[in-house]
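Colleague: Residue numbers (the working numbering): 72 to 143. The structure is given below, and queries will be raised subsequently.
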């Protein structure tokens with residue numbers, strides 16, 4: 072079974088990797104990172120103890136990070 076991460080852990084890692092909190096609408100927080108060629112936008116469900124693995128994989132795709140970046 073894959074490890075499940077909390078939304079607070081995911082947001083801390085995103086911020087450590089250079090993403091900036093932009094806004095929140097309802098229970099979804101938006102983070103962005105500006106790169107030379109594009110802007111990466113990641114949406115994270117706020118205040119969840121466990122983010123389902125499929126949604127976590129989507130966050131990885133959006134952020135262009137790897138799962139090992141979230142292991143502390």
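Backbone N, C-alpha and C fix where the C-beta goes; we use that ideal spot for every residue, glycine too.
Which whole-angstrom value describes the C-beta separation of residue 113 and residue 78, a residue pair presumed to lie in contact below a C-beta threshold of 8 Å?
Modeller: Taking the first residue of the chain shown as position 1, residue 113 is located at position 42. Taking the first residue of the chain shown as position 1, residue 78 is located at position 7. Incorrect: roughly 12 Å between the Cβ atoms, too far for contact.
Colleague: Measure the beta-carbon distance from residue 84 to residue 140 and round it to whole angstroms, keeping in mind my assumption that it falls under 8 Å.
Modeller: Here residue 84 corresponds to residue number 13 of the chain shown, with the count starting at 1. Here residue 140 corresponds to residue number 69 of the chain shown, with the count starting at 1. Residue 84 to residue 140, Cβ: 6 Å. Contact.
Colleague: Which residue marks the beginning of the alpha helix (DSSP H) containing residue 81, and which one marks its end?
Modeller: Taking the chain shown and counting its residues from 1, the one referred to as residue 81 is at position 10. Residues 78-87.
Colleague: Can you tell me which of the three DSSP states residue 127 falls into?
Modeller: Start at 1 with the first residue of the chain shown, and residue 127 comes out as number 56. Looking at residue 127 - three-state DSSP - the assignment turns out to be helix.
Colleague: Taking the alpha-carbon of residue 76 as reference, which of 132, 133, 125 has the nearest alpha-carbon?
Modeller: The sequence position of residue 76 within the chain shown is 5, counting from 1. Answer by Cα proximity: 125.
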